[in-house]
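S.K.: My questions all concern the structure below.
Residue numbers (my numbering): 247 to 588.
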């Protein structure tokens, strides 16, 4: 393990970067936001990140951050639980609660509990009153490398019943950072259904739709941009893909493959979550990048997210899998990405 300075944030707090590695896989994690700042396989940088803490503070996008208490969007920032109405803060267009709200987990300083050559564990206290959630929650995330696989494990406990939906917001670029748009990256999703959205990217009423016969069918690996040229109202609403896919099966199982044809890097994903939010960088537009790697900024479609989680607006959708964590019980989740070269 190598700990080094990553600068000082706007509050004057030092931020550190922690390097862990296992064979051909090397990862850098920040204690700011429990953020995946870098993932390198065979020397190729395959996620988007910034070179200093100032860039993270200047830009949105949640690049590589741990997000929650509730990832994704909640319409109006309102939900009801145990007969009580809760109003969360609104940090998207003044009408949407997104990724835990203002100054959520992605903006907080996390405490490093353990760190070794191949793993790091960080924790944070999420005070419910700061955003409108019930109770105070303690959240722990572990990044562990083993057999060229990045394992991400979450635990959480809360003093009151609360919705919880944690994920990592890494932007992948299997062709390597600086390779431009990811339209030629090949993607497979083990998902027979997806959730259609409205113009605020909130799920429409009704059941999930079958992917068969639509641009959302990734059950056989295909280039991400192959079907983006046709007319599809859901493509127009999102500007591409920014939808929740229902992962087939239950328990801990494989959910995706992503392949960079220019590098030969294949990444296989596994999770125990019911859904994955696939966004191909439709809102990606930054002022900073990785100048140390010759990248000054990131533009639309230059990275994509595969956020394993529950569906958007789940606290208001009884037909979706429940996100409620009972007081005193422990939330657990895990996602992993295995790297190889072909």
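The beta-carbon is built from N, C-alpha and C at its ideal position, and this holds for glycine as well.
Report yes if the C-beta distance between residue 268 and residue 432 is below 8 Å; otherwise report no.
M.R.: By one-based count along the chain shown, residue 268 stands at place 22. By one-based count along the chain shown, residue 432 stands at place 186. No.
S.K.: Mind checking who residue 402 pairs with in its DSSP beta bridge?
M.R.: Translated into positions along the chain shown, residue 402 becomes position 156. According to DSSP, which records beta bridges pairwise, residue 402 is partnered with 385, 577.
S.K.: For residue 283, is the classification buried or exposed, using 16 other Cβ atoms within 10 angstroms of its Cβ as the cut-off for buried?
M.R.: The sequence position of residue 283 within the chain shown is 37, counting from 1. By the 10 Å Cβ count, residue 283 comes out buried.
S.K.: Determine contact between the region 560 to 575 and the region 491 to 509, defined as no fewer than three beta-carbon pairs at a distance below 8 Å.
M.R.: No, they do not touch.
S.K.: Quick one, which of 499, 295, 302, 525 has its alpha-carbon nearest residue 514's?
M.R.: Stepping through the chain shown from its first residue, residue 514 is reached at position 268. Considering only alpha carbons, the answer is 499.
S.K.: May I ask you to report which of helix, strand or coil DSSP gives residue 253?
M.R.: As a position in the chain shown, residue 253 is number 7, starting the count at 1. Of the three classes helix, strand and coil, the one that applies to residue 253 here is strand, per DSSP.
S.K.: Hey, quick one: how far does the beta strand (DSSP E) through residue 443 stretch, first residue to last?
M.R.: The residue given as residue 443 occupies position 197 in the chain shown. Neither: residue 443 is in no beta strand (DSSP E) and is coded neither H nor E.
S.K.: Please go through the same chain and pick out, in chain order, the residues whose beta-carbon is closer than 6 Å to the beta-carbon of residue 402, but skip the five residues on each side of it.
M.R.: Here residue 402 is taken as the residue at index 156 of the chain shown, counted from 1. Once the five neighbours on either side are set aside, the close Cβ partners of residue 402 are 383, 385, 410, 577.
S.K.: Taking C-beta to C-beta, are residue 461 and residue 478 nearer than 8 Å?
M.R.: The count along the chain shown starts at 1 and reaches residue 461 at position 215. The count along the chain shown starts at 1 and reaches residue 478 at position 232. Result yes, Cβ atoms of residue 461 and residue 478 sit closer than 8 Å.
S.K.: Whose C-beta lies closer than 8 Å to the C-beta of residue 407 among residues of the same chain, with five residues either side of it excluded?
M.R.: The sequence position of residue 407 within the chain shown is 161, counting from 1. Excluding residues within five positions, the ones whose Cβ falls inside 8 Å are 327, 328, 380, 381, 570, 571, 572, 573.
S.K.: Quick one: measure Cβ to Cβ for residue 389 and residue 273, integer angstroms, because I've assumed they're closer than 8 Å.
M.R.: As a working note, residue 389 is residue 143 in the chain shown. As a working note, residue 273 is residue 27 in the chain shown. That pair is a contact at about 6 Å.
S.K.: On the premise that residue 347 lies in contact with residue 334, defined as a C-beta separation below 8 Å, what is that separation, rounded to the nearest angstrom?
M.R.: Position 88 of the chain shown, counting from 1, holds the residue named residue 334. Position 101 of the chain shown, counting from 1, holds the residue named residue 347. Contact holds; Cβ gap of about 6 Å.
S.K.: Tell me which residues share the same chain as residue 543 and place their Cβ nearer than 7 Å to its Cβ, disregarding the 5 neighbours each side in the sequence.
M.R.: Numbered from 1 along the chain shown, position 297 holds the residue referred to as residue 543. Once the five neighbours on either side are set aside, the close Cβ partners of residue 543 are 532, 533, 534, 535.
S.K.: Got a sec? Which residues, its chain only, sit under 7 Å from residue 369 by beta carbon, not counting five neighbours each side?
M.R.: Along the chain shown, read from residue 1 onward, the residue named residue 369 stands at position 123. If we look at residue 369 and ignore the five residues flanking it on each side, its Cβ neighbours are 356, 357, 359, 384, 385, 386.
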